[in-house]
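Reviewing the structure listed below.
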Amino acid sequence: MDYNFNEIEKKWQDFWAENKTFKAENKSDKPKYYVLDMFPYPSGAGLHVGHPLGYIASDIVARFKRNEGFNVLHPMGYDAFGLPAEQYAIQTGTHPAVTTEKNIKRYRRQLDQIGFSFDWDREVRTCDPGYYKWTQWTFVRLFEHWYDLDWDKARPVSELKKIFDKDGSKEVNAAKNDHEPFTAEQWKSFSETEQQQILMHYRLAYLSETLVNWCPALGTVLANDEVKDGYSERGGHPVEQKKMKQWSLRIRAYAERLLNNLDKLNWSESIKEIQRNWIGQSEGAVIYFPVKGKEKTIDVFTTRPDTLYGSTFMVLAPEHEIVDELKTEDNKHKIEEYIERSKNRSERERLAEVKEVSGVFTGHYGVNPVNGREVPIYIADYVLSGYGTGAIMAVPAHDSRDFAFARHFDLPIIQVVKNPDEQVVDTAQWNDSYDAKEGVIINSDFINDLDVEEAIRRIIDILEEKNIGYGTVNYRLRDAIFSRQRYWGEPFPIYYKEGMPYPLDDSKLPLELPEVDEYKPTKEGKPPLARAKHWTTEEGYPLETSTMPGFAGSSGYYYRYMDPNNDQEYFSNEANQYWRDVDLYLGGDEHATGHLMYARFWAMFLYDIGMTVEEEPFKRLINQGKIQGRSNFVYRIVGENKFVSYHKRKEYKTQRMHVDINLVHNDILDIEAFKNWMPEFKDAEFIPEDDGKYVCGWEVEKMSKSKYNVQNPDDLIDEYGADTFRLYEMFLGPIESHKPWDTQGIEGVSRFIRKFWRLYHDEQGNFDVSDEKPNADELKILHQTIKKVKEDIDKLSFNTSVSQFMICVNELGEKKTKKRQILEPLVILVSPFAPHIAEEIWNRLGHSDTISYAEMPGYNEDYLKESSFEYPVSFNGKMRFKKELPLDMSKEEIEKAVLEDERSAKYLGDKPPKKVIVVPKRIVNIVVAK
RNA sequence: GCGGAUGUGGCGGAAUUGGUAGACGCGUCAGACUUAGGAUCUGAUGUCUUCGGACGUGUGGGUUCGAGUCCCUCCAUCCGCACCA
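First residue of the first sequence? That's 61 in the numbering used here, and the numbers climb one at a time after it.
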């Protein structure tokens, strides 16, 4: 009788739920282990086979660690705020909470049937007021803190006020927005509103007028990581640049820590590299260029201050604030036209026109502060307002963009760096700039003959001595825009008094989402929350109408899991001290710059304010690969309802069409099923292969409905059971690599599960395990397997563990082993992978408790010891035959034995061997003259 | 353009410090049992072969007794960034 997975899997899932088998305690003498999955957005489409890949891997680790005696925290929840439910609400009027609740139920059902060992008592939902209270609470803390660059941590704004009272702004080295410096006396003379305005330049959550990514189709602004190639990541709508007043988080203050800490993290090199790029550190200098005839200077940022003498013009970004002052009656029109032009061009067009040189001369000149050279000031959109100071000193000889610009506008080009052995050629002859990262400085007064590195150091000293600039580090990372003009998100705990924002008192949290009549913006273009009645404080002050973005709720959820039902605190100090950080975090690499950056920032801030004991939240991070679809195709003869089989398709003029993968087995089309698939194919005709079968083409593509290649896990679990499904997902290949889903292979794993079951049962299906003593061979295969699986789980190499289980079960099956001393440890070892069948067998072995906490067997080296080894014998590196020899034989004896072997004579010929290499327990290689 | 990763049978993929290439599984072929097979079991299965062997881990070279693994060159694919001064 075969294994009845339907009945048995249900039985144990119910058992786990009823007994709260996986409930984790915050107090324990056991060592802790925190395994976390990136929580899902509960979409209407439900899970597909790609989602559970990471969950299965983390579940195996969680279960394995429990068996190894760890107190394991393995929670799950939902990232439940988000655009799809809101878009649906706009279309249908259904409250997003209703849609979300429905989708969550479906997710939960799908998750439950896979047999995960989550502690569901710790579930969190970002849209639950009991949860988002703490998102709001953290926002208020961010609002009330500033970043001290000298202390390298966040400090309360109350302390900043004291510093201003005492010394004004001079002594403060903070991450801030620019403002005019002031003295203590000035500070005290400012009005309340003026003081608030100043403080806003320092707060870690701040309101400011900035250039934002505005997405008209979604009616909201987006953060940089939510925009890809000028389109919104969600929905693919065009995005434009717009100046708006928005909340931002000052993540830039943490740029250096975010960058430096990467070295300490056990994350994949690729993700760390993506984050390094995103942070984009560059060392250089800011240099002040006076504007001729004006009381103004333009600050430029450069990574190559050593080329200062080669600067022959300056370029400002069109959005640069000084541009207004440079307008004169003569050039006003030209400048405005140019600015208008670059503003109207979408991001997309700007990118497409990279190579086209454009710009406009302002009619003004800057003065090079080291040699007094007057250089023309241009405006051009190849200079970005958001990077550096939004202004550059152009060095056309050594920068390709500046070079192209100089050629286009016929500006001088002066070489200031050369190779030591290079003949200097007139720059007029050059076809391109010489982007010299090393070399010797020429034409540069004091710094002539220095090499680039020295020259940079020297020139920065000069700049600082003369007070005409300073050395600095610049970051590409931008502050995170934190407001969204949407409904389905966390309301800001902020009200306005005389136009200035103030935080709500903690006792007023959570500030719950109000009911609205419609989920659209108002007629005046205000966000949906402006529709709410009485959206004010008790005193009548208006509340903020934007909501927080998707990453708000996901930035700190891993802390809430530590103490999810605490209504007094975000999480208790004790809970945090015990669980500390996430030991293993699994999720997709699409979150490399978004979630993983914000979460680290969030965690660092909470660390700074003394909430937590670890600065970095995720010690080890694994990115599971995506599962791609495997599509099938049929070939329709153009203009006919006739289909040609794969190998004959070239004989006709055909058109390739996707066909539902459920109608295809082993690439052979079920013709009858195909005819019934869609009415138009009812009378279709077919030109099959010569054996009468219709063969389909195939290709690996993204899994999507329109390609008819979506594999639904529910169907597979119905057909094969959860244990088989879990094993197969793991067997597919390394967890981190992308791989195509091919349902065919699941049969092999299904066979394995049945063979495994048969090990413990006789042919009639009766449980059959004996107390006989195992022999050396049986112990050897068991302990080999224990060893391999332990090592594999450490490396998260689950595909090779499954192989090892197959090898082990095949071998024990051949030996007809029925011995408890072998089979009992084996079932514990298999249980993290296939927990249902393992529980059932464990139960039949006579245990009344769950297998989830059974002690994981250790391996004993003694059982693995061999007394002989089958040496591969090579001649000139080519393996010719194998010879079994005892392991205690000396090298000389091995050499002798091999050379005396009759098979050697053939390869030796009549000459003695030139050399014999013997590596004990590895190989014998004999070198013969050719 | 810059940075990162990956290239192994028909397919998914294995291969400690350089030491038997292709484990395990799918598929395919043959056989057994069957009324039947998309069930089960057994065996074969990298390519070519004059059956001696030869060739084989993207390409070309190098180091080595020995290279999928180390070094150099080039090619392809995927991912990230991209006017970042």
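Quick reminder that beta carbons are idealized off the backbone N, C-alpha and C, glycines included.
Nothing here was measured: the structure is a model prediction, and the numbers come from that model.
In the DSSP assignment, Gly654 falls outside any beta strand (DSSP E) and carries neither an H nor an E. Membership of Pro885 in any beta strand (DSSP E) is not indicated; the residue belongs instead to the alpha helix (DSSP H) covering Arg880 to Val890.
In the structure shown, the three-state DSSP call for Ala214 is strand. The three-state secondary structure of Cys868, taken from DSSP, is helix.
The residue among Asn626, Leu681 and Ala496 with its C-alpha nearest the C-alpha of Asn86 is Asn626.
Secondary structure of His297 (DSSP, three-state): coil. Pro834 and Lys879 do touch by the CB rule: their CB atoms are close to 5 Å apart, below 8 Å. Distance between Leu143 and Pro609, taken at the CA atoms: about 10 Å. Secondary-structure assignment with DSSP links Arg716 through a beta bridge to Tyr695. Taking 9 Å as the cut-off, the beta carbon of Trp548 is found no closer than this to the beta carbon of Ala105. In its chain, beyond the 5 residues on either side, Lys878, Lys879 and Arg880 have a beta carbon closer than 7 Å to the beta carbon of Ser830. Counting along the chain, no alpha helix (DSSP H) covers Lys557; the unbroken beta strand (DSSP E) around it starts and ends at Ile554 to Lys557. Residue burial annotation: Gln637 is exposed, with fewer than 16 other C-beta atoms found within 10 angstroms of its C-beta. No Cβ-Cβ contact shorter than 9 Å links Ala265 with Arg312. Inter-segment contact for the region 629-646 and the region 71-87 is present: three or more beta-carbon pairs are separated by less than 8 Å. The three-state secondary structure of Val512, taken from DSSP, is helix. Here the alpha carbons of Gln715 and Asp730 stand approximately 19 Å from one another. For Met374, the secondary structure class from DSSP, reduced to helix, strand or coil, is strand. Contact between Trp902 and Ala894 is ruled out by a C-beta separation of about 12 Å, above the 8 Å threshold. In this structure the region 334-345 does not lie against the region 559-574, because fewer than three pairs of beta carbons, one per stretch, are closer than 8 Å. Going by DSSP, Ser249 is part of no beta strand (DSSP E) but of the alpha helix (DSSP H) stretching over Ala244 to Ser249.
Taking 4 residues as the minimum length, the alpha helix (DSSP H) runs contained wholly in the region 752-820 are 773-780, 782-791 and 806-819, in order along the chain. In the DSSP assignment, the residues bridged to Asp208 are Lys213 and Ala234. Taking Asp285 as the centre and dropping the five residues before and after it, the same chain places the C-beta of Thr653 and Gly654 closer than 6 Å to its C-beta, in chain order. When DSSP states are grouped into helix, strand and coil, Ala140 belongs to the coil group.
Closest by C-alpha distance to Tyr645, out of Lys71, Phe99 and Thr363, is Phe99. At least 9 Å separates the beta-carbon of Trp274 from that of Lys305. Residue Glu650 holds the alpha-carbon nearest to the alpha-carbon of Lys288 among Lys193, His380, Asn870 and Glu650. Shown here, His108 sits in coil according to DSSP, grouped into three states, outside any helix or strand. Using a 10 angstroms sphere on the CB of Phe827, the tally of other CB atoms stays under 16, which defines it as exposed. Bounds of any beta strand (DSSP E) do not take in Phe506, whose DSSP letter is neither H nor E. Less than 9 Å separates the beta-carbon of Val427 from that of Pro350.
The C-beta distance from Ile721 to Asn692 rounds to 5 Å, short enough to fall under 8 Å. Under DSSP, Val976 shares a beta bridge with Ile986. Per the DSSP secondary-structure output, Glu745 pairs in a beta bridge with Lys702. With fewer than 16 other beta carbons inside 10 angstroms of its own, Ser928 counts as exposed.
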